[in-house]
Amino acid sequence: MDVKHINAFVSGLLNVSNMLGINDIKRTGLAKNESLKTDNDVNIIIGLVGDLRGNVVLSLQEATACNIASKMMGGVPVEQFDLMPKSALCEMANMIAGNSVSNLEQAGSLVDITPPTLVNGRNMISMISQVETIIVQFAASEGTIAINISLE
Amino acid sequence: MSKDSYLSPFSLATSDVLKEMLDINIDGSETASEGDLFVSQGFIVVVGFTGGWKGRFFLDMSSETAIQIASLLTGDDYDSVGDEDVIMSGAEVANIISGNAITDINNSQPGLNIRLTPPSVFAGDGISMFNVRLSSSSALMQTNIGTIKINVAVEGGK
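From first to last, the protein sequence lines are chains A and B.
For the first sequence, the working numbering begins at 2 and goes up steadily by one.
For the second sequence, the working numbering begins at 8 and goes up steadily by one.
See the structure below:
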């Protein structure tokens, strides 16, 4: 996996977060895994095809998701993780993917994305990709977010 | 785009693959329209596609059905849906079904050039899937190992 591909997603997430008013977001960690699994209860999957093939998953806790949705909607309190915050989170993931893909294009890779799918559930067992996955963690006052990048 | 034009290639591929690969007969099937929220029976595989059509395909079943499919494929017995073989078997079946369906669609409509993403699997209780502005259609297939449900959503599809 090429570092410029990872950076495209990292700056995609940071750009979009700043655009949405999440200004204090910081990169807190980087990890590598043999496969893509997640323990968080909200996961948004976006598939990649083209010069790169794989999945990118934005993974976070329900409470964080509600905080972000509230921020996106101008501070309206969001207590339940219903259709409204789900839709907001999908939109955010779509923006991040779109932003990242245009970063990738500048780096010389043409990639097409699938529409985001949000998966929500407790005690989930998941297997998203069997290939090496890079996990980049971020923290903001809304909570922590991880972006999982697995490219075949 | 009508619902039939995107659901039927997947229904056909599902019944073909179940029959040819696993010797599972479908006793009856019905279609249903769904909103943007889809609730899983316990085990769900997601395959995304993009190109001329953008959307995703779900293969959904209960944990018990997923375990039985894995047993049929490998000949071993499993007691948990968390077993890697069960998860991989589900992913593989969904990959073959969507591969066949997309090949069929690409062949009958040259120029669409649809491509698939690798499959993702989720298992657990109360899993729900959500897509913005994508309304989807399901086909429920009754088999002797339980109900197998497929769901297809295409951007711009009705």
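Glycine residues also receive a C-beta, built at the ideal position from the N, C-alpha and C atoms.
| Query | Result |
| --- | --- |
| With a cut-off of 8 Å on the beta carbons, I'd call Ile112/B and Leu123/B a contact; round off their distance for me. | With a Cβ gap of about 11 Å, Ile112/B and Leu123/B do not count as contacting. |
| Is the shortest distance between the beta-carbon of Met128/A and the beta-carbons of chain B less than 8 Å? | yes |
| If we cut at 8 Å on Cβ distances, does Pro116/A have a partner in chain B? | yes |
| For the segment 126-159 of chain B, list every residue whose C-beta sits within 7 Å of some C-beta in chain A, in sequence order. | Ser127, Val128, Phe129, Ala130, Gly131, Asp132, Gly133, Ile134, Ser135, Met136, Phe137, Asn138, Val139, Leu141 |
| Classify Val50/A as helix, strand or coil using the three-state DSSP reduction. | strand |
| How far does the beta strand (DSSP E) with Gly35/B in it reach, from first residue to last? | 33-41 |
| Cutting at 7 Å between CB atoms, please list the residues of its own chain near Leu14/B, excluding the five before and the five after it. | Thr38, Ser144, Ala146, Val159 |
| From what residue to what residue does the alpha helix (DSSP H) around Asn107/B run? | 91-115 |
| Quick one: does Glu92/A have its CB under 8 Å from some CB of chain B? | yes |
| Should Glu80/A go down as buried or exposed, given a rule of 16 or more other Cβ atoms within 10 Å for buried? | exposed |
| Give me the residue from Gly75/A, Ser88/A, Val112/A with the minimum Cα distance to Met99/A. | It should be pointed out that residue 99/A corresponds to Gly in this sequence rather than to Met. Closest option to Gly99/A, Cα to Cα, is Val112/A. |
| Between which two residues does the alpha helix (DSSP H) containing Asp3/A stretch? | First-last for Asp3/A: undefined, no H or E at that position. |
| Got a sec, what are the start and stop residues for the beta strand (DSSP E) Lys10/B sits in? | Per DSSP, Lys10/B belongs to no beta strand (DSSP E); it is in the alpha helix (DSSP H), 10-29. |
| Check whether the Cβ atoms of Glu153/A and Glu35/A lie closer than 8 Å to each other. | no |
| Given a threshold of 16 other Cβ atoms within 10 Å of its Cβ, counted over all protein chains shown, does Gly89/B qualify as buried or as exposed? | exposed |
| Do you know offhand how far Ala94/A's Cα is from Lys156/B's? | 27 Å |
| Do the CB positions of Val46/B and Ser135/B come within less than 8 Å of each other? | yes |
| List the DSSP bridge partners of Thr138/A. | Checking the sequence, you will find Gln at residue 138/A rather than Thr. Note: Gln138/A sits in a beta bridge opposite Gly30/A, Ala147/A. |
| Please report the distance separating the alpha-carbon of Ser69/B from that of Ala77/B. | 13 Å |
| Does DSSP classify Met74/A as helix, strand or coil? | coil |
| May I ask you to list the residues that DSSP assigns as paired with Ser144/B? | Ser40/B, Val159/B |
| Name, please, each residue of chain B whose Cβ falls closer than 9 Å to the Cβ of Lys5/A. | Going along chain B, no residue has its Cβ under 9 Å from Lys5/A, so there is no contact; the nearest lies around 21 Å. |
| Assuming Ala140/A contacts Lys27/A (C-beta within less than 8 Å), just tell me the rounded distance between them. | 6 Å |
| Residues in its own chain within less than 8 Å of Lys72/A by CB, not counting five upstream and five downstream? | Leu21, Gly22, Ile23, Glu143 |
| Counting contacts by CB-CB distance shorter than 8 Å, is Lys38/A in contact with chain B? | no |
| Run through DSSP, which three-state label would Gln48/B get? | coil |
| Check whether chain B comes within 8 Å of Lys87/A, counting only Cβ atoms and requiring the distance to be less than that. | yes |
| State the DSSP-derived secondary structure class of Leu119/B, mapped to helix, strand or coil. | coil |
| Any heavy atom of the ligand NAD closer than 7 Å to the CB of Ile152/B? | Among the components of this structure there are no ligands whatsoever, and the ligand NAD is therefore not found. |
| Taking a Cβ distance cut-off of 9 Å, strictly less, list which residues of the segment 128-143 of chain A are near chain B, in chain order. | Met128, Ile129, Ser130, Gln131, Val132 |
| Roughly how many angstroms separate the alpha carbons of Ser105/B and Gly55/B, rounded to a whole number? | 9 Å |
| Taking the Cβ atom as the reference point for each residue, do Met85/A and Ala64/A lie within a distance shorter than 8 Å? | no |
| Reducing DSSP to helix, strand and coil, say where Val79/A ends up. | coil |
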